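Protein chains in written order, with my numbering: chain A, 3 to 237; chain B, 3 to 237; chain C, 3 to 237; chain D, 3 to 237; chain E, 3 to 237; chain F, 3 to 237.
The block underneath contains the structure these notes are about, expressed in structure tokens.
Encoded structure:
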């Protein structure tokens, strides 16, 4: 099971069209990946600069799937880099390799560290998609609440303290950041709040690498069966 | 509340790219709509001829939203014509008018007629999306099962009898057809099985008309708040 | 399916013994009904002037069923006009035509307009029956909370504003009024709160008409099978 | 807490109008009651000889509440003797003493004896009301299934063996009889199946006695608050 | 079913190593037990003086099971005296007689008296185990919340009033004490709050006696089947 | 976050007393661990040779916690090697480092690969503990069923084919083995069934290493707060 040879080729699929974001997530992923892992990033060709809310999320899901289709057979694992975004079931049908959504990896890792997970988001429009994403993965009972850090400024980690403290006061055991690779905020909150703070992207990188190493891949039965007739539909 | 004047302009959004389907659903909808209702159909410009399964569904959701965006301000209600397809939350954020997904209308109507609803589908790839759509609307406890009528031929209503009987034997009180406007099959099963058989499209037409008549429209709070900055992102 | 001829005869079953209420709900229903629909109201012969709470609700359920039994074969659809009241499953067993409870219609319509529904009630004794009614229809996950507008005066719509605002502050996307045909309150809140406010009675009228038009009727399998031996038990 | 003096006066409320049933349940209850307990039975003045299904159940609920109202202040505990029947919440609002529904007592006792409870019923019309009653008490996750012993004859205990074995084959750990005081069937199945078989009536008698002895009585807050104005409504 | 002869021998299994606690719970149990019931208490030989939290609870579960193993065949019923503690499923596998956990008995009795149960605990470390214990018995939907009466002093009943009032303000219909035999606190709160206050130990004594009288005992199918090979493993 | 220096010291806690098992799991873990990871195994000093069922599981939980207590401060991560066994919440309270239960890791990995997980167990006594373990982690909705491969012989991988096929026929998308490090069976089933087959132990090793690398550790708030007074209770 463990004699996978050669490097692991991870594909990160950005959910938005921003090249800056793509560069940032590549760098965060590469920093935690194994030496034998290579990291590529696919940036959608249509969609929005910053995905927030249901409408953006559905546009982004299609744009991301379009990118993934071009990587079929050319990567060993896919990481969907959009917290609370749609499309993971489509990706699992499309790809033969393991697909890890950072929302799943972040939530599952959080559940290993504490009972009730508090999510810290930066826009009220993210609440609905995140709530539904977690319900769809079956972990709604572990989600305490999604707190919107209204005034927080991503470039100032300390501005997230008020939101983090609100989550802890409400009973959160762990904080999960609704973003990807917000490492400075993660470190600031861990140091100052004394609780684990989870980032979905770094977790997803390690878990996807693990699945690849263990030769585990997506089920092709039922929901995720790929009908070869669909090949023609790939754009 | 009831002094809406002028005709009700319903927009049906087809989930696939087939003009034949668009014509068929227009005709089914028009046949049950009020005399004062006009029916338009938007056919996606990309996607697939026949949507079956998660991958198709996510592509279709984006394609449908793109069409809807062009109809903002020019219709009184939207009906999403794809059984078990994604995108309704995005449509509700995008549009100011009521949006009815035929999966919702079909399931809710079924719940008014019996306790346990059995869904009759024509492909195993539809099971996952339908199951998740119904869970997301909160009615999973009312869904008995989704039965795949493997060998059934849409042009031969009697070929659906085996599947319908399997649902009844399993305890279904009502049968919901996983399609849109399959009226001949509906009539055949109703006549031969002695149970209500529900079609989501016709139900959605009447319910959408009702919401319009009652001046009820989509909430623009929270999940469905439309951020005007997004206007630029409309394709 | 659509060639129903002649007028649709709707029967409203009042849950209380008040003729004034019966007159008011008839008038509200008639105002939104189609021209070809006739509206009759059955007023129970025993029970209470105003149903509030579990005890009243169970008395009222039996009184309403007694009235309905007299209308078997003489109406095309039944609307149970009591928000949160018991008895709909009994009515569905008794009657051959579609039965719509205004609690169901109001809740389902609300779910088409927003994610979380906040209910505005006028007595704390209504909370239990409404909560249980919504759980029984399977939509508990969509109910945010039931707020009791303690000091509100039905004749002064503005007195409901405090309660409505409490629901919105708590995260409700839609407000559902725990009453029947409170149209002035509905209009006042819609105008002043900027959210959809749903009335169960008007919604139920349109949905029941729709079910009749679409030739859909109550399942007579299992739960709602009518045993002819019961005829003797009808009072 | 334990200095209750004098005998405990239990009131059994039959759900049907049959004096024979009333006599039988009185005798079963008396046989297991403490020596210091007296047992009275109230037989409804309207309703049906044998309650089966939703319609009967709602009529019976009102008839039973009418009887109970006459016993206010004259008994120490009430047992509602109808398996899967409606009305317990109304009874708790009406009465100041503990109210135990045999469906609750039977289900709770079963849950102390095994994980998954299989219910053995004698009519398919009982399935819906029992299922809903158990869901309303919050124990749906402990109910394996409700099996209808179609051909079984209450006067022949061995005729219930087929149904009991079906439940065990399906994974039931405990069998709960959907009836009241079917002691011969209970004994026959226990002896021949090697599993606990629970009767709701005998369990309810002991639990109601216990609540009385421990001075525990129905909460009069919220749902079960009795509004003195209702006194006039008692028939 | 009712001809059990001779006294009922109840075994209380203390969850901690304190002989003082053992003496107190014996006395509380004996005070409510029937005259024909004898009460023994087993005190674990290892573990902690006062069980609070998950770690203690798992140590205590094993210590209690060790004690119970010595009483196999020598008692008629077992009561596990630890509110929210682990081990009941193991006890049911080990013993042939009925096993009642005071958490179950207390929660079930509370559910007979009101809809929403509020639990009053004395340490924040108890919250997790109690929450999980109630979820495992299937009654999570009936639990309003677990309130920690931080400053309360068990020797001063009035110090629990603040916590009790917080539960009532939050919507609790019944208060369940997270302890065993805290009768003075129970009486104080009942007298001063006007709601039922439930103690799990006294309830468990009566319910266990009832199961014994009714010849009901633990299912030995599946989960609780005792494999005779395990005899050697008993310490 | 990524500058952890030195090797990662993983502690595997065997759930049974068998040295042979300890040796086997050490070897399986070492084979998939990173080169910089060291693997130690703690073998309980009391308990049973093979843990099957609730009673064994509770004894084992205490025995495992006793071992872990000796390793406080001397390892970087703990893996609880018992599929479906109790105790993880106690371990999280006791230890300052991440704790991964193989049941959790196996279930979470499975959920990344398919929608419905089928578990393949080797004894009917394991069904209850596994079912409850998965419910407690919040993933019950993703568990299709637990199938007992009655006649299967761990030394003959092909003997598990019948059970695996039963799971697939029932609708499982992924198979999760209810054991630890059953790699030959895993490989045999993957090769012959064409679906992912997950082993909890190897998954847990990789995930625990990941948590350590990412500096994520158990929350010490609330449930898992360690009260220093408990130090005295460590055996």
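Ideal Cβ positions, reconstructed from N, Cα and C, are used throughout, including at glycine.
Predicted model only: the values in this text are computed from it and were never measured.
- Its Cα nearest to that of residue 216 of chain F, the residue A:34 stands out among A:8, A:34, A:17, A:24.
- In the three-state reduction of the DSSP assignment, residue 126 of chain C falls in the helix class, which pools H, G and I.
- Of all residues in the stretch 78-102 of chain B, only 88, 89, 91, 92, 95, 96 come within less than 7 Å of chain A when Cβ atoms are compared, listed by chain position.
- Proximity to residue 8 of chain A across A:214, A:223, A:220 peaks at A:214, based on C-alpha coordinates.
- Fewer than three beta-carbon pairs drawn from the stretch 187-197 of chain F and the stretch 90-102 of chain A are found closer than 8 Å, and the two stretches are therefore not classed as touching.
- Residues of the stretch 33-61 of chain C with a Cβ closer than 7 Å to any Cβ of chain B, in chain order: 33, 34.
- Interface residue (Cβ-Cβ distance to chain D less than 8 Å): residue 203 of chain C is not classified as such.
- In the DSSP assignment, residue 92 of chain F falls within the unbroken alpha helix (DSSP H) covering 90-96.
- Neighbours of residue 143 of chain C in chain B, taken as residues whose beta carbon is under 7 Å from its own, are 140 in chain order.
- The C-alpha of residue 201 of chain B is placed about 7 Å away from the C-alpha of residue 188 of chain B.
- Ranking B:40, B:231, B:107, B:11 by CA distance to the CA of residue 203 of chain B puts B:107 first.
- Residue 70 of chain F places its beta carbon 8 Å or farther from that of residue 103 of chain F.
- Between residue 119 of chain B and residue 109 of chain B, the C-beta spacing is below 8 Å.
- For residue 129 of chain A, the closest Cβ of chain B is nearer than 8 Å.
- Under the Cβ criterion of 8 Å, residue 76 of chain D is not counted among the residues facing chain C.
- Between residue 144 of chain A and the set A:112, A:167, A:129, the nearest pair of CA atoms involves A:112.
- Around residue 134 of chain B, the beta-carbon contacts reaching into chain A at under 8 Å are 91, 138.
- The alpha-carbon separation between residue 48 of chain C and residue 12 of chain D amounts to approximately 29 Å.
- Contact check for residue 50 of chain B against residue 42 of chain B fails: the beta carbons are separated by 8 Å or more.
- Collapsing the DSSP output to three states places residue 138 of chain E in a helix.
- Among the CB atoms of chain D, none fall inside 8 Å of the CB of residue 222 of chain C.
- In this structure, DSSP gives residue 29 of chain E a helical state, which the three-state scheme calls helix.
- At a beta-carbon threshold of 9 Å, the residues of chain C lying near residue 227 of chain D are 55, 126, 127, ordered along the chain.
- At least one CB atom of chain B sits nearer than 8 Å to the CB of residue 67 of chain A.
- At a cut-off of 8 Å between C-beta atoms, residue 64 of chain B counts as an interface residue with respect to chain A.
- Contact note: residue 212 of chain E reaches chain D through 34, 111, 204, 205, 207, 208, 209, 211, 212, using a C-beta cutoff of 9 Å and chain order.
- Looking at the DSSP output, residue 14 of chain D sits in a beta bridge with D:43, D:81.
- When DSSP assignments are scanned along the stretch 146-188 of chain C, the uninterrupted stretches of alpha helix (DSSP H) that are 4 or more residues long and fall wholly within it turn out to be 163-171.
- Residue contact check for residue 116 of chain C against chain B: a CB pair falls below 8 Å.
- If you draw a 10 Å sphere on the C-beta of residue 135 of chain E, you find 16 or more other C-beta atoms in it, and that means buried.
- For residue 169 of chain E, no CB of chain D lies under 8 Å from its own CB, so it is not counted at the interface with that chain.
- Per DSSP, residue 58 of chain F is one residue of the alpha helix (DSSP H) stretching across 56-72.
- Between residue 79 of chain B and residue 45 of chain B, the C-beta spacing is not below 8 Å.
- At a cut-off of 8 Å between beta-carbon atoms, residue 147 of chain E makes no contact with chain D.
- A direct Cα-Cα distance of roughly 33 Å separates residue 209 of chain C from residue 117 of chain E.
- For residue 216 of chain D, the nearest CB of chain E lies under 8 Å from its own CB, placing it at the interface with that chain.
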